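S.K.: Supplied in structure tokens, the structure appears directly below.
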Amino acid sequence: MTTTHTRSSTGFKKFLIIAHDLVMTGLAVALAFAMRFEGPMLDTRLDALPIILPGFVAYAGIVYWIFALYKSRWRFASLPDLANILRAVTVLALTLLVVDYVLASSTFYGFFFFGKITIVLYWMLQLFLLGGPRLAYRYLKYAQSRQTLVREGAVPALILGRGSDAEVLLRAIESGALRKIQPKGILTPRDSDLGQSIRGVPVVGRFADLEQAVADFAERGYNIRRLVLAPSALGQEAEREHLLARARKLGLPLSRLQGLDVGKGEMTGEIAGGIASLAPVEIEDLLLRPTVEIDHERLARFIRGKRVAVTGGGGSIGSEICMRAAAFGASDILVIENSEPALHQITEELRALDAASAAGLVVHGAIADVRDSARLHRLLADYRPYVVFHAAALKHVPYLEQDWAEGVRTNVFGSVNAADAALAAGARAFVMISTDKAIEPVSMLGATKRFAEMYAQALDSARAHDPGAPRLIAVRFGNVLGSNGSVVPKFKAQIARGGPVTVTHKDMVRYFMTVREACNLVLTAASHADRDMREAPAETERPSVYVLKMGQPVRIHDMAERMIRLAGFEPGTEIEIAVTGIRPGERLHEILFAHDETITETGIDGVMAARAVFASRIQLGVWLAQLEDAVTRYDRAAAEAVFDAAIPDFARRPIAAPATHQADAAPPATKRPA
10 MTTTHTRSST
20 GFKKFLIIAH
30 DLVMTGLAVA
40 LAFAMRFEGP
50 MLDTRLDALP
60 IILPGFVAYA
70 GIVYWIFALY
80 KSRWRFASLP
90 DLANILRAVT
100 VLALTLLVVD
110 YVLASSTFYG
120 FFFFGKITIV
130 LYWMLQLFLL
140 GGPRLAYRYL
150 KYAQSRQTLV
160 REGAVPALIL
170 GRGSDAEVLL
180 RAIESGALRK
190 IQPKGILTPR
200 DSDLGQSIRG
210 VPVVGRFADL
220 EQAVADFAER
230 GYNIRRLVLA
240 PSALGQEAER
250 EHLLARARKL
260 GLPLSRLQGL
270 DVGKGEMTGE
280 IAGGIASLAP
290 VEIEDLLLRP
300 TVEIDHERLA
310 RFIRGKRVAV
320 TGGGGSIGSE
330 ICMRAAAFGA
340 SDILVIENSE
350 PALHQITEEL
360 RALDAASAAG
370 LVVHGAIADV
380 RDSARLHRLL
390 ADYRPYVVFH
400 AAALKHVPYL
410 EQDWAEGVRT
420 NVFGSVNAAD
430 AALAAGARAF
440 VMISTDKAIE
450 PVSMLGATKR
460 FAEMYAQALD
470 SARAHDPGAP
480 RLIAVRFGNV
490 LGSNGSVVPK
500 FKAQIARGGP
510 VTVTHKDMVR
520 YFMTVREACN
530 LVLTAASHAD
540 RDMREAPAET
550 ERPSVYVLKM
560 GQPVRIHDMA
570 ERMIRLAGFE
580 PGTEIEIAVT
590 GIRPGERLHE
600 ILFAHDETIT
610 ETGIDGVMAA
620 RAVFASRIQL
630 GVWLAQLEDA
640 VTRYDRAAAE
650 AVFDAAIPDF
660 ARRPIAAPAT
670 HQADAAPPAT
680 KRPA
């Protein structure tokens, strides 16, 4: 009901804009004549207006549509909008000039009906009548927002970041997307911003001047009560931790901008659309490496207008994939989830997102278990998705070592069901979310995910000769900050309790990235497989495994020490770090590619690919039958024998006892010949 009302309201507003522009077009022509001519010459032209004006106004409407004058919102009228108006009006003026010289002067009147001076007058009047009301409306909304800030008792705040980023934040505040914030000043990392004023807010100093700026505003009667970080402030690796400590010393809460995305090309538009908010700066925000630049246009071309299905859509990865698909313009999203609370939460978030953006997204939610093949086939057959993202999995290493049969049922047979159902439903792409633990696996998690990868690769390879056939790929990546079971929330909780912070080994190393970046790159890998590889020459070997570049690995012990310091404590004295020993199925270092996988570059920053080694579908069918029998009999040795035969690098072996030095760690996995 709300969505329908929003769409009708949006349609009515667009109708008013079109009507305004067409009326202003006719008025501009009439005013140009009135200013240029008088007496009989004016009468002649005014008499002809009813004949020439309807056709010219209709032509002008088409020109305005071509130059997208009806797509932008007046509330956010900006230089690009004025540039479009300038182009459209110039085309109209040139059209009048051509018509006047070619037709009117020689055929109808024998003299110039408009004349060059009249056309110049029309050009200026038309610019004013189209651009002026837009700028006036924007200023009116700006003035209203300033008054609203005063009335609502908005919190005086300082904005920290480069001038360009601060300008985006200020526009978000003016538009009403960010509320309860009254910007008083800007602190910048750049000397070139000093002494300037951005949207009426002065740049009062550099980051180092924080304490002085707060004191100066206090003397003038403004008690700064919040610091708001633009993305560029979080990007200042040498200063962001220092900023957090200084903010805590001043007793000021530190917030950061969050929205659908804060990357180039998306930040401005999404904030302008009202989908932005402030969130407290968390320790995770300070642990991040520089993120990969995402090609938002590529992802929009891949997802826009498509039907998307996501298994495990209520989990940390699956829910973010749903949000990214919505952000990039999916027409429909089917969320498949076996947890009712998780399903309810993500579908509500998606519907709220659609209501805020008026994007017309249709959200479907289904309670289903990927282990139920018949249910999955019915769901996807009815929905007929363009792309299926298979994120449903059991992924906690210790639990899968203990309850290995459940891991096989979900990660192997659940993936088989999802892939088969996607193909049967006519999906163009099937994307399985995998893990770096699938490479030369030493755990049941790694073995089950690698086996699932092999099944998808076998299905994809069987159709390699047909460029129009469905693509089935796997995307591997490592640990995700803030995901379910991530080490960072665990460390935060342990620090809050006063310690100890537990690490399994002093030399344990892992890769980390944010959920947002990981899911953006998953969509990027899928777009490469579905678009780039279909358009590649026939002889090009298409990869079926994609690996996200995770940056530099992080030593978990170092991360624990850093998090303790960020919380304001000293590791080893105020909060202890306890080494508990490697758990079953864990290894010290993760691997990005197996030794027998041929690595290829995709030409896309952040995404690598490989042509993996796998068995035939017939052989995989034999192993699947053996796995099913092993699970039915709950025979772990039989299941491990299947994995040992299917995955040459699978190594089931005892893990080393707790150690404090690299020399005490377990040896590398023994590699068996293929």
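For what it's worth, my numbering labels the leading residue of the sequence shown as 10, then goes sequentially. Backbone N, C-alpha and C define an ideal beta-carbon position, used for all residues, glycine too. As the structure is a computational prediction, the values presented were derived from the model and not from experiment.
1) Within 10 Å of its beta-carbon, does Leu253 have 16 or more other beta-carbons around it, so buried, or fewer, so exposed?
2) Output the boundary residues of the beta strand (DSSP E) element that contains Leu88.
3) What residue from Val556, Ile94 and Asp225 has the CA that sits closest to Lys446's CA?
4) Taking the alpha carbon of Phe123 as the point to measure from, which residue in Leu167, Val108, Ala587 and Ala431 has its own alpha carbon closest?
5) Taking all protein chains shown into account, do 16 or more other C-beta atoms lie within 10 angstroms of the C-beta of Arg8, making it buried, or fewer, making it exposed?
6) With distances taken Cα to Cα, identify the nearest neighbour of Met441 among Met463, Asp304, Pro450 and Leu187.
7) Going by beta carbon distance, what residues of the same chain come within less than 8 Å of Ser473, once the five residues before and after it are set aside?
8) Assuming the contact rule is C-beta atoms closer than 8 Å, Ile584 and Phe578 should be a hit. Round their C-beta distance to whole Å, please.
9) For Phe521, name the three-state secondary structure that DSSP assigns.
10) Assign Ile326 to one of three DSSP states: helix, strand, or coil.
11) CA-CA distance, Arg147 and Trp83?
12) Rounded to the nearest angstrom, how far is the Cβ of Pro407 from that of Arg592, given a contact under 8 Å?
13) If you follow the beta strand (DSSP E) that Gln191 is in, where does it begin and where does it stop?
14) Between Glu176, Pro240, Ala222 and Leu266, which lies nearest to Leu259 when the distance is taken from Cα to Cα?
15) Apply the 10 Å Cβ neighbour rule to Val372 and answer buried if 16 or more other Cβ atoms are within range, or exposed otherwise.
16) Buried or exposed, going by whether 16 or more other CB atoms sit within 10 Å of the CB of Asn232?
17) Measure from the alpha carbon of Ala634 to the alpha carbon of each residue in Leu575, Lys558, Phe422 and Gly477, then state which is nearest.
18) Return the Cβ separation of Leu359 and Leu370 in integer angstroms, given the expectation that the two are a contact with Cβ distance under 8 Å.
19) What residue range does the beta strand (DSSP E) around Leu167 cover?
20) On the DSSP bridge list, what partners appear for Pro211?
21) Considering only their Cβ atoms, is the gap separating Ala434 from Ile482 smaller than 8 Å?
22) Could you tell me the distance, in whole angstroms, from the CA atom of Asn93 to the CA atom of His29?
23) Could you tell me which residues DSSP pairs with Asp341 in its beta bridges?
24) Looking only at DSSP bridge pairs, what is Arg571 linked to?
25) Per DSSP, which one or two residues make a beta bridge with His537?
26) In the DSSP assignment, the beta strand (DSSP E) including Ile233 goes from what residue to what residue?
27) Going by alpha carbons, who is nearest to Leu454 out of Leu130, Pro509 and Ala648?
28) What is the C-beta distance between Val98 and Leu31, in whole angstroms, given that I count them as a contact (C-beta under 8 Å)?
29) Between which two residues does the alpha helix (DSSP H) harbouring Ile627 extend?
30) Taking DSSP as the reference, what is the three-state secondary structure of Arg564?
31) For Arg681, which of helix, strand or coil comes out of DSSP?
32) Closest to Phe398 by CA distance: which of Leu389, Thr419, Phe439 and Ala430 is it?
33) If you draw a straight line from the C-alpha of Ala175 to the C-alpha of Ile168, how long is it?
34) Residues in the same chain with beta-carbon distance under 6 Å from Arg574, minus the five sequence neighbours each way, listed in chain order, please.
35) Output the boundary residues of the beta strand (DSSP E) element that contains Ile482.
36) Specify the secondary structure class of Arg360 as computed by DSSP and reduced to three states.
M.R.: Per the coordinate set shown:
1) Walking along the sequence shown from the start, residue 253 turns up at place 244. Its Cβ being crowded by 16 or more others within 10 Å, Leu253 is buried.
2) Within the sequence shown, numbered from 1, the residue matching residue 88 stands at position 79. Leu88 -> not in any beta strand (DSSP E); alpha helix (DSSP H) instead, spanning Leu88 to Val108.
3) As a working mapping, residue 446 is identified with position 437 in the sequence shown. Closest in C-alpha terms to Lys446, from the list Val556, Ile94 and Asp225, comes Val556.
4) Reading the sequence shown from its first residue, position 114 is the one you call residue 123. Of the candidates Leu167, Val108, Ala587 and Ala431, the one whose C-alpha sits nearest the C-alpha of Phe123 is Val108.
5) Nothing about residue 8 can be read from this structure; the chain reaches only from 10 to 683.
6) Walking along the sequence shown from the start, residue 441 turns up at place 432. That would be Met463, whose Cα lies nearest to the Cα of Met441.
7) Locating residue 473 in the sequence shown gives position 464, counting from the first residue. Per the sequence shown, residue 473 should be read as Ala rather than Ser. Contacts found: Arg551.
8) Sequence index remark: in the sequence shown, residue 584 carries index 575 (1-based). Sequence index remark: in the sequence shown, residue 578 carries index 569 (1-based). Distance from Ile584 to Phe578 at the Cβ level is roughly 5 Å; contact confirmed, criterion being Cβ atoms closer than 8 Å.
9) Looking up residue 521 in the sequence shown gives position 512. Three-state result, Phe521: strand.
10) By 1-based counting over the sequence shown, the position of residue 326 is 317. Assigned with DSSP and collapsed to three states, Ile326 falls in helix.
11) As a position in the sequence shown, residue 147 is number 138, starting the count at 1. As a position in the sequence shown, residue 83 is number 74, starting the count at 1. Between the alpha carbons of Arg147 and Trp83 lies a distance of about 6 Å.
12) Along the sequence shown, read from residue 1 onward, the residue named residue 407 stands at position 398. Along the sequence shown, read from residue 1 onward, the residue named residue 592 stands at position 583. Yes, Pro407 and Arg592 are in contact; Cβ-Cβ is about 5 Å, under 8 Å.
13) As a first step, residue 191 is located in the sequence shown; it is residue number 182 there, counting from the start. Per DSSP, Gln191 belongs to the beta strand (DSSP E) from Ile190 to Thr197.
14) Position 250 of the sequence shown, counting from 1, holds the residue named residue 259. Of the candidates Glu176, Pro240, Ala222 and Leu266, the one whose C-alpha sits nearest the C-alpha of Leu259 is Ala222.
15) By 1-based counting over the sequence shown, the position of residue 372 is 363. Burial call: buried.
16) Here residue 232 refers to the residue found at position 223 when the sequence shown is read from its first residue. Exposed, because fewer than 16 other Cβ atoms sit within 10 Å of the Cβ of Asn232.
17) By one-based count along the sequence shown, residue 634 stands at place 625. Considering only alpha carbons, the answer is Phe422.
18) For the purposes of this step, residue 359 is taken as the residue at position 350 of the sequence shown. For the purposes of this step, residue 370 is taken as the residue at position 361 of the sequence shown. With 8 Å as the limit, Leu359 and Leu370 qualify as a contact, their Cβ atoms being about 7 Å apart.
19) As a position in the sequence shown, residue 167 is number 158, starting the count at 1. Element bounds for Leu167: Val164 to Leu169.
20) Numbered from its first residue, the sequence shown carries residue 211 at position 202. Looking at the DSSP output, Pro211 sits in a beta bridge with Ser206.
21) Here residue 482 corresponds to residue number 473 of the sequence shown, with the count starting at 1. Here residue 434 corresponds to residue number 425 of the sequence shown, with the count starting at 1. Cβ atoms of Ile482 and Ala434: not closer than 8 Å.
22) As a position in the sequence shown, residue 93 is number 84, starting the count at 1. As a position in the sequence shown, residue 29 is number 20, starting the count at 1. CA-to-CA, the gap between Asn93 and His29 works out to about 16 Å.
23) For the purposes of this step, residue 341 is identified with residue 332 of the sequence shown, where counting begins at 1. In the DSSP output, where bridge partners are listed per residue, Asp341 has Arg316 and Val371.
24) Reading the sequence shown from its first residue, position 562 is the one you call residue 571. The partner list for Arg571 (beta bridge, DSSP) is empty, contrary to what the question assumes.
25) Taking the first residue of the sequence shown as 1, we reach residue 537 at position 528. DSSP, once it has assigned bridges, lists no residue as partnering His537.
26) Along the sequence shown, read from residue 1 onward, the residue named residue 233 stands at position 224. No beta strand (DSSP E) holds Ile233; DSSP gives it neither H nor E.
27) As a position in the sequence shown, residue 454 is number 445, starting the count at 1. Of the listed residues, the one whose Cα sits closest to Leu454 is Ala648.
28) Residue 98 sits at position 89 when you count from the first residue of the sequence shown. Residue 31 sits at position 22 when you count from the first residue of the sequence shown. Contact between Val98 and Leu31 is absent: CB atoms are separated by about 14 Å, not below the 8 Å threshold.
29) As a position in the sequence shown, residue 627 is number 618, starting the count at 1. Segment Arg626 to Arg642, the alpha helix (DSSP H) holding Ile627.
30) Translated into positions along the sequence shown, residue 564 becomes position 555. Looking at Arg564 - three-state DSSP - the assignment turns out to be strand.
31) Working through the sequence shown from its first residue, we reach residue 681 at position 672. With a pLDDT of only 32 at Arg681, under 50, the local geometry of the prediction cannot be trusted, and the value read off the model is given with reservation. Note: Arg681 maps to coil in three-state DSSP.
32) Working through the sequence shown from its first residue, we reach residue 398 at position 389. Nearest C-alpha to Phe398 among Leu389, Thr419, Phe439 and Ala430: Phe439.
33) To locate residue 175, count along the sequence shown from 1; it is residue 166. To locate residue 168, count along the sequence shown from 1; it is residue 159. It is roughly 7 Å from the alpha-carbon of Ala175 to the alpha-carbon of Ile168.
34) Against the sequence shown, residue 574 aligns to sequence position 565. If we look at Arg574 and ignore the five residues flanking it on each side, it has no Cβ neighbours.
35) Looking up residue 482 in the sequence shown gives position 473. That run of the beta strand (DSSP E) goes Arg480 to Arg485.
36) Position 351 of the sequence shown, counted from the start, is the residue given in the question as residue 360. In the structure shown, Arg360 sits in a helix (DSSP, three-state: H, G or I).
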